[in-house]
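The numbering of the sequence shown is the working numbering, which starts it at 1 and goes up by one.
Shown next, in structure tokens, is the structure this report addresses.
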Amino acid sequence: MHSPIHPIPLLFLLLLMGCSTTEQQEVTLRDIDIQSSDEDVAPVFIKAKNESEIKKAYSDYLKSASVDEKGRRAAISRLAELEMAELNKLDDESTNTDVSIDQSEGYKKSILRTIDLLSAAINEYPNAKDNDRILYQLSQNYEKLNLQDQSLNTLTQLTTQFPQSVYYAEAQFRLAENAFVLGDYLTAESSYSEVIFTAGGNEFYERSLLKRGWSRYKQGLFTEAVEDYVAAIKHRKFGNYQTLTGNDLGDFDEYFRALALAAINLESTDLLKNYFNTPTDSDYLYHTHQVISSIYLAQQRYADASIILNNFIAGNSDSERIPEAYLQQLQVLKKAGLNDEFAAAMEAFYIRFNTNSPYWEGKKYSSAYDVIKKSMRDNILLVADAQQQEYRKTRKTGNFVAANQWYQRYLNQYSSYARQDKVYTAYAELLVTQNMNEQALSYFEKAAYDGDIVLDKEAAYATIELTDKLHKSYPENSAWLDRHLTYSLRSTQLYQDEKRYQQASLYAVELAYKNKRYAEAITFSESIARSAAENIRKEADYIRGLSFLKIKNPEKAEKVFSYLLSTENNNTDKIRFSNGLALAIYEQGQADLQLDKIDSAIANYARVVKQANTATIAPDSLFAAINLAIAHERWNLAVANIELFQQQFPNHRLYQDATRELSNAYIKLGQEDRAAVVFEKISTQDNDQNIKMAALWKAAALYESKNKPSDAIRAYTSYANNYPTPYAQYLESMDKLSSLYLQKNDLEKAEFWQRHIINADQKTVQSYKNDRTNYIAATAALALAKYQKDKFEKKNLVEPLAKNLREKKKFMQESISLFGQASSYNIAEVTIEATYSIGKIYQEFSKSLLNSERPKNLSDDELEQYNILIEDQAFPFEEKAIEFYEINMARTADGTHSSWIKQSHIELQTLFPSRYQRHGKFHVFSSTAN
């Protein structure tokens, strides 16, 4: 703060300032920055609120102050400083916000005001001691408005008037730079020299040395240019090139490139030793040669590039940079494309300068050692790669041997870098070309993995491929399979979206399954991403399902196959998925059976058909359910599954077996009518003739037992028509038919089958007959005889008498013949009935003759004679009747009794009231019977 002063008018204050010393003027001028109070009481000066008010105060002062007032110049300077401070603030804001203010109208006006103020200061006070500062500032402001000429003129004025100014060196440097840009190298040289010669040195000294060197270079003054460049380099005192960074590194390259360009134009580069002639300068000497060589190299002057390095090597044999010179020569050969020469030079270079060579004894802490160590590593890789590439093209053993040697050399000295330099992978690829797969695998593994972590995707894939090859070559060595599966799982989890890894994962699944590594097959399958290609994911899931079956986990297998089947449209795949599903369900049935869970086992066996009816094992599985149900008398389940079998597999080889079982199951359930239907079906479909015959007979018998005569007749008829042997059964079927037709009162069809019985019996040899067939034949003949007897009895002897008599005799004879045939089978009851019936026929015929209609128009005598004749004709038939009745009566002697014998006795009582006066003629009956 300023000490308080007495309030006095501002004008009076300014007049006092004009009379005071300079120091007092400055103090007093600063007081312009203080704002006056207008109050009448105790007036004081207070600090202005802002710069605008201060600037206004100065401006107001300048408007009233004359040139002669000493305070005026100070006010001008102060106001200019305020304007420049404002400009600098705007410049800073522009820099920080990346907003250009160059075209700002306010900005330009501020510069112009500053220029006016500074120009006024110069013009009004040309002899002021600090005009060098004013000129310097004025030059700066001209430059801001791109008024280069005014800026340069101002700088020229400064250097002319103030050669001792602190701004002199900078002003000369800026003048030199302008002259250099304009190509006025002589003027530039002169100005740069002024900067260099400025006493005490300055910040532009080093730069002026470099630029003066360029100015001289442009004028062809190469020796002088070299001197300037060397002076600049030595002044800068660059450290070790390998440690340089940022501006230092950039300047180093710039300085030595400039020096190299100038040195190239000297009579001999040997002259450089005159400039770098101390031990501390030896590095500079090498760098100069190295940059010259690089320039030649860029110009494809390969010989010159190599010669300049040879010159250094020859002239500086004790230099620590000799290895680097040789290294640079290698770069020349490489750039020149001289591969053979490069390889030979690299071989010599390695032998002499590899990190383990005697050359480095006591030198391993030198910067050159570090350079050579790194470069050696890089060049070994170049040579190894070149030899490997050549080997790929030519397949020459020499190239392989060379590449192999260089990789070994690298690994001996730089193994810690092998992974980052991808040497492991490259070397492994080389070894693979010679089928050195085990060795190659070891290097691929080093490249690919760090423990369980995958570092290199390509190398990891190579380990998968190689372990597969080794497994195929040595299948007995399970270690290769172990490693293959391990690497496959490890990598595919990381690279699930890559198709080749998806393929590798699927292959691992297949390989694991093939080698009975089912748990691993499941793990691999589950590791395949859902985003994998559909065919890969589908195949992996399929093998996973099979693997679950192998490890006795059919429930999980079922889930896998069910999913596959539900999402598949391809028929071929559907078949195998269906087979897998069927097997999974069947295995569950097998497991249930082992645990004695019968009903659950039956259900699972049957479920195969319901969920995978196209599967190969579906019929067998369902038949297993049928057999299990029958074995454990689950008849309802047996029937249900048999019917399902018939529905699903009508053409299957087990169809007939199932149908046979169905009939038995129905019988067990008391459903004989349904069993009969099944038996009849069997009789038409079974391949076994005996089974067909037996089934048909069973069907007919069941129909008959269930009182279904029509169905029974159909079955028996089919039997009689198709199975004439065995004879006994054949005859039985016809007997059944005759009985069933009689039940239906269909006498015609009954007679039809009875005649078939008689015909069959007559055609069949005695050895095929038995008591039952004889009985059937006898009863059939008896029945047929009765039919004829009935016809006989119904035929009356009326007019036309001759015709009716003929027909009645015919019926009588047929009936007697059939009764006789029936008796021939020696069936007692049939014979007794037949004997009685024959006697009855004779008796009835005798009566019919006696009761026959008499011819008309006969006289009484004729009628009497006719009656006598009729009685005479009838009497023998009555005698015959008595004879047959007596035959029956004779059977009582051996204890035979029947209703027919009783009826015979009754008839005899009618014919002979005095029965004891007559005796039967046994020989007559015997003759008839025979």
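Ideal Cβ positions, reconstructed from N, Cα and C, are used throughout, including at glycine.
Handout entry: Proximity below 8 Å, CB of alanine 777 to CB of leucine 818
Key = No, these two residues do not count as a Cβ contact at 8 Å.
Problem - Rounded distance between the beta-carbons of leucine 549 and glutamate 498, thought under 8 Å - result: The pair is not a contact, with the Cβ atoms about 30 Å apart (cut-off 8 Å).
Practice task
Could you tell me the distance, in whole angstroms, from the CA atom of serine 36 to the CA atom of leucine 147?
Solution key: Residue placement at serine 36 is poorly supported in this model, since its pLDDT is 42, which falls under 50; the coordinates still yield a value, given next. Looking at the two C-alpha atoms, the distance is approximately 41 Å.
Problem - phenylalanine 162 versus phenylalanine 238 - alpha carbon distance - result: 35 Å
Practice task
Please find out if some non-hydrogen atom of the ligand ATP comes closer than 7 Å to the beta-carbon of glutamine 439.
Solution key: The ligand content of the structure shown is nil, which means the ligand ATP is not present either.
Handout entry: Three-state secondary structure (DSSP) of isoleucine 667
Key = helix
Handout entry: Endpoints, alpha helix (DSSP H) assigned at glutamine 408
Key = 397-414
Practice task
Using the DSSP secondary-structure output, state which residues sit across from isoleucine 931 in a beta bridge.
Solution key: Lying before the first or after the last residue shown, residue 931 is absent from the chain, which here runs from 1 to 930.
Exercise for the section: Find the nearest neighbour of asparagine 178 within the set Glu341, Thr156, Phe197, Leu511, judged by alpha-carbon distance. Expected result: Per the Cα distances, Thr156.
Practice task
Report the rounded CA-to-CA distance for glutamine 331 versus glycine 362, giving the unit in angstroms.
Solution key: 27 Å
Practice task
Measure the C-alpha to C-alpha separation of leucine 441 and isoleucine 551 and round it to an integer number of angstroms.
Solution key: 33 Å
Handout entry: Contact the segment 616-634 vs the segment 655-665: 3+ CB pairs below 8 Å
Key = yes
Exercise for the section: Assess, as a yes-or-no matter, whether the segment 859-867 is touched by the segment 890-909 under the definition of 3 or more beta carbon pairs within less than 8 Å. Expected result: no
Handout entry: Proximity of alanine 750 and serine 738 at Cβ, strictly below 8 Å
Key = yes
Exercise for the section: Give the secondary structure of threonine 425 by DSSP, where H, G and I count as helix, E and B as strand, and everything else as coil. Expected result: helix
Problem - Exposure label - aspartate 711; buried when at least 16 CB within 10 Å - result: buried
Problem - Range covered by the alpha helix (DSSP H) that runs through serine 367 - result: 367-394
Practice task
State buried or exposed for aspartate 860, treating a residue as buried only when at least 16 other CB atoms are found within 10 Å of its CB.
Solution key: Result: exposed.
Handout entry: Contacts around glutamate 833, its chain only, beta-carbon distance under 7 Å, and the 5 residues preceding and following it disregarded
Key = Leu782, Trp900
Handout entry: CB contact flag (isoleucine 682, alanine 695, <8 Å)
Key = Their beta carbons are under 8 Å apart, which means isoleucine 682 touches alanine 695 by this criterion.
Exercise for the section: Just the C-alpha distance for tyrosine 787 and glutamine 813, rounded to the nearest angstrom, thanks. Expected result: 13 Å
Practice task
Assign isoleucine 351 to one of two classes, buried (16 or more other C-beta atoms within 10 Å of its C-beta) or exposed (fewer than that).
Solution key: exposed
Practice task
Could you have a look at glycine 250 and say whether DSSP puts it in helix, strand or coil?
Solution key: helix
Exercise for the section: Can you tell me which of the three DSSP states arginine 216 falls into? Expected result: helix
Exercise for the section: Starting from the N-terminal side, write out each stretch of the alpha helix (DSSP H) that is 4 residues or longer and does not extend beyond the segment 561-614. Expected result: 571-594, 598-611
Handout entry: Buried versus exposed call for arginine 949 [16 or more other C-beta atoms within 10 Å across all chains shown]
Key = Here the chain covers residues 1 to 930 and nothing more, so residue 949 does not appear.
Problem - Start and end residues, alpha helix (DSSP H) containing glutamine 646 - result: 635-648 is the extent of the alpha helix (DSSP H) around glutamine 646.
Practice task
State the DSSP-derived secondary structure class of aspartate 270, mapped to helix, strand or coil.
Solution key: Reduced to three states, the DSSP call for aspartate 270 is helix.
Handout entry: Length of the line joining the Cα atoms of alanine 828 and threonine 779
Key = 11 Å
Exercise for the section: Give the straight-line distance between the Cα atoms of lysine 610 and arginine 674, rounded to the nearest whole angstrom. Expected result: So the alpha carbons of these two residues sit roughly 25 Å apart.
Problem - Beta carbon of glutamate 53 nearer than 8 Å to that of leucine 82 - result: no
Exercise for the section: Report the rounded CA-to-CA distance for glycine 398 versus glutamine 387, giving the unit in angstroms. Expected result: Glycine 398 and glutamine 387: Cα-Cα distance of roughly 9 Å.
Exercise for the section: Give a yes or no on whether the C-beta atoms belonging to isoleucine 134 and isoleucine 122 are separated by under 8 Å. Expected result: yes
Exercise for the section: Let me know if threonine 243 comes out buried or exposed under the rule of 16 or more other beta-carbons within 10 Å of its beta-carbon. Expected result: exposed
Practice task
Use the C-beta contact count for aspartate 60: other C-beta atoms within 10 angstroms, 16 or more gives buried, fewer gives exposed.
Solution key: Result: exposed.
Handout entry: C-beta contact flag for glutamate 429 and isoleucine 372 at 8 Å
Key = no
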